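Undergrad:
Residue numbers (the working numbering): 27 to 649.
1) If you scan the stretch 412 to 479 from start to end, which runs of the alpha helix (DSSP H) of 4 or more residues do you find wholly inside it?
2) In angstroms with no decimal places, state the Cα-to-Cα distance between residue 621 and residue 74.
3) Using three-state DSSP, classify residue 309 as helix, strand or coil.
4) With a Cβ-Cβ cutoff of 9 Å, do residue 594 and residue 513 count as a contact?
5) My understanding is that residue 446 touches residue 406, with C-beta atoms under 8 Å, so please give their C-beta distance in whole angstroms.
6) Out of 585, 436, 308 and 444, which one is the CA nearest neighbour of residue 455?
7) Roughly how many angstroms lie between the CA atoms of residue 287 and residue 330, to the nearest whole one?
8) Which residue comes first and which comes last in the beta strand (DSSP E) that contains residue 317?
9) Using only alpha-carbon positions, find the residue among 239, 231 and 315 that is nearest to residue 275.
10) Beta-carbon separation of residue 358 and residue 346 under 9 Å?
11) Return helix, strand or coil for residue 109, following the three-state DSSP convention.
12) Pick helix, strand or coil for residue 495, following the three-state DSSP scheme.
13) How far does the alpha helix (DSSP H) with residue 96 in it reach, from first residue to last?
14) Just how far apart, CA to CA, sit residue 504 and residue 465?
15) Whose C-beta lies closer than 6 Å to the C-beta of residue 450 among residues of the same chain, with five residues either side of it excluded?
16) Going by alpha carbons, who is nearest to residue 554 out of 304, 400, 570 and 582?
17) With a threshold of 7 Å on Cβ separation, who are the neighbours of residue 293 within its own chain once the five nearest residues in sequence on each side are excluded?
18) Can you look up residue 206 in the DSSP assignment and give me helix, strand or coil?
19) Between residue 570 and residue 533, is the Cβ-Cβ spacing less than 9 Å?
20) With a CB to CB cut of under 6 Å and the five nearest residues on each side skipped, what residues in its chain are close to residue 629?
21) If I follow the unbroken alpha helix (DSSP H) through residue 62, where does it start and stop?
22) Using 9 Å as the threshold, is the C-beta distance between residue 311 and residue 470 below it?
23) Tell me which same chain residues have a C-beta within less than 7 Å of the C-beta of residue 552, skipping the five on either side of it?
24) What number of angstroms, rounded off, separates the C-alpha of residue 474 from the C-alpha of residue 400?
25) What runs of the alpha helix (DSSP H), each 4 residues or longer, lie entirely inside the stretch 145 to 222?
26) Does the contact criterion of 3 or more C-beta pairs under 8 Å hold for the stretch 130 to 140 versus the stretch 185 to 197?
27) Give me, in chain order, the residues of the same chain whose beta-carbon lies closer than 6 Å to that of residue 500; leave out the 5 immediate sequence neighbours on both sides.
28) Sort 557, 524 and 561 by Cα distance to residue 542 and report the nearest one.
29) Return helix, strand or coil for residue 128, following the three-state DSSP convention.
30) Find out if the Cβ-Cβ distance for the pair residue 573, residue 527 is shorter than 9 Å.
31) Using a Cβ-Cβ cut-off of 8 Å (strictly less than) and excluding sequence neighbours within five positions of residue 33, which residues of its own chain qualify?
32) Quick one, are the C-beta atoms of residue 239 and residue 254 less than 9 Å apart?
33) Taking residue 452 as the reference, give the member of 467, 433 and 443 with the closest Cα.
34) Would you report the Cα separation of residue 257 and residue 290, rounded to the nearest angstrom?
35) Within its chain, find whatever has a CB closer than 7 Å to the CB of residue 631; leave out the 5 residues flanking it on each side and keep chain order.
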């Protein structure tokens, strides 16, 4: 050991930048000249009569030099080299950027389109503050929010907001992420706003319910906006021998299903939902449809726990109802009371069935309970009809909140879901029980109303009160805000990585009369003002796709046109993945080190190996 390091001096050691200094550096070090350094030290150490070299390195050379010169130099050297691959865990340079931005590419005039942005940042000082600003057509600011930085650790924040659409046409949006007035990241996207068209609703139910009648009322009052088709699943009217022609109807085929903007599943038992229905619903929502699942029976809801259909929903239902000890006294008493109440609702005779209307009026009906809105519920467009400025009467405002009689027990919401309303006093682990939750699913939306269809609330209101109609109008309108009747582009994320291929989908709905063969496609690089024709491949009868790799950071526009007129377009941005580039430099280039160690005087060993360093030193060193 002494002979090996006898000529080492402190001033001869190369100073390495510390992790803290790297973090404060204004720009990352992008190039390393490992091969040139190796050539230099072989000559220098030979002249200095060193006995050996132990090199702790990642072996990466980004200068573009050839490894051949380094191999040749080692072959001529008489100094033994030991290469030890090192993975250095360093904090990345400070950065803040958009990681994702999800938005519908087409929506109806008069709707508010939900947008979800995921922001990633690291290494920022806790005193700094990020600002997210969204503008429309580079002029009108429509959203602004400050994002606090609590620590320099790597963090991701999800920010949700809505953009209003008023006039038909293409609306362009830009989101800027800035700090201290400096723009750190940006993303552009567009939404094609189409004229209002009637929303087609399929109500598929597994039993008779008074709520159906009131759904029809809403649809009738809003006949310019909604149309309602009602189908009863097989088994909705009792024993199979009871066959009333025209009442039982099969679930639509997938092609039929796509003609609807929203599907409502009401009072449906798990055994009435086949695996084919579950799969069709999954494809339907992922492609841009909307699903509203209404259930109030806790026992029936438990059957859906961990089912394929529950995977489509924003919540997880209680499944273990046979253990009363897990519930608080109020919840256990409520379950027992509703079980007793439902037991009195059965008819007698050949039409006996648990879902038929009550004939025994001697049982006390459970009281109505008003929902409690969460913070997200208060700012949601679904409940913006609750304007406190319209009245100073708190009791009147209270009546405007949806009120329910029965509800199903939900354990919790899923990651990314938004909880809009909860039970005012029933809780699970100190959190109020969820009643209304919504989420994005693929390109569509799903929602759960874990109560009855609220028709009793309607009966409790004055005849002039429009709260019930306004709630359903806005709930259904929000769910179908991205409903599409013409051709449209599908972008799961409006921000893609430069240099990486991304797949874009183009879809022609079954309700459209346009043909794929009559269309032409192109992509426009907006910053460089270049056009590139696109050739799409057919994935299914009405779905087509194309892969595109952006070569540089820019904004791009996808265009579909017929007879020279644009029928669909979508704007997106590309940017380099800055964080991954910094981290890639920290992983050792094992192949490079193996090549160097193939020379006669070099060897590579891992720090995890049982290597006798003393034997290696004295095997080739002079005493």
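Quick reminder that beta carbons are idealized off the backbone N, C-alpha and C, glycines included.
As the structure is a prediction and not an experimental result, all values here were calculated from the model.
TA: Taking the coordinates as given:
1) Counting only runs of at least 4 residues, the stretch 412 to 479 fully encloses the following alpha helix (DSSP H) elements, listed from N- to C-terminal order: 420 to 426.
2) For residue 621 and residue 74, the distance between alpha carbons rounds to 26 Å.
3) Helix, per DSSP.
4) Taking 9 Å as the cut-off, the beta carbon of residue 594 is found closer than this to the beta carbon of residue 513.
5) Sure, about 6 Å apart at Cβ, within 8 Å.
6) Ranked by Cα distance from residue 455, the options 585, 436, 308 and 444 are led by 436.
7) Approximately 24 Å between the Cα atoms of the pair.
8) 316 to 320 is the extent of the beta strand (DSSP E) around residue 317.
9) The shortest CA-to-CA distance from residue 275 to any of 239, 231 and 315 is the one to 231.
10) Their beta carbons are not under 9 Å apart, which means residue 358 does not touch residue 346 by this criterion.
11) Reduced to three states, the DSSP call for residue 109 is strand.
12) In the displayed model, residue 495 falls within a helix according to three-state DSSP.
13) Run containing residue 96: 93 to 102, per the alpha helix (DSSP H) assignment.
14) Straight-line Cα distance between these residues: approximately 11 Å.
15) Listed in chain order, the non-local C-beta contacts of residue 450 below 6 Å within the same chain comprise 398, local neighbours out to five positions each way being set aside.
16) Nearest to residue 554 by alpha-carbon distance, out of 304, 400, 570 and 582, is 582.
17) The beta carbon of residue 293 lies closer than 7 Å to those of 231, 232, 233, 235 and 381 in the same chain, with the five residues before and after it left out.
18) Note: residue 206 maps to coil in three-state DSSP.
19) Residue 570 places its beta carbon less than 9 Å from that of residue 533.
20) Excluding sequence neighbours, residue 629 sits near 108 and 623.
21) It spans 60 to 73 - the alpha helix (DSSP H) in which residue 62 sits, taken as one unbroken run.
22) The Cβ atoms of residue 311 and residue 470 lie closer than 9 Å to each other.
23) If you ignore the 5 residues before and after residue 552, its C-beta comes within less than 7 Å of the C-beta of 580, 581, 582 and 583, all in its own chain and listed in chain order.
24) Distance between residue 474 and residue 400, taken at the CA atoms: about 15 Å.
25) Correct list: empty.
26) Touching, yes.
27) Excluding its 5 nearest sequence neighbours in each direction, residue 500 has C-beta neighbours in its own chain below 6 Å: 408, listed in chain order.
28) Residue 542 has its Cα closest to that of 561, out of 557, 524 and 561.
29) If DSSP states are grouped into helix, strand and coil, residue 128 belongs with the strands.
30) Cβ distance < 9 Å, so residue 573 and residue 527 count as in contact.
31) With a pLDDT of 41 at residue 33, under the threshold of 50, the predicted position of this residue should be treated as unreliable, though the coordinate-derived value follows. Residues of the same chain with a CB within less than 8 Å of the CB of residue 33, apart from the 5 flanking positions on each side, are 74, 75 and 76 in chain order.
32) In this structure, residue 254 does not lie closer than 9 Å to residue 239 by Cβ.
33) Comparing Cα positions, the closest option is 433.
34) Whole-angstrom Cα-Cα distance: 10 Å.
35) Result list for residue 631: 108, 110 and 637, in chain order.
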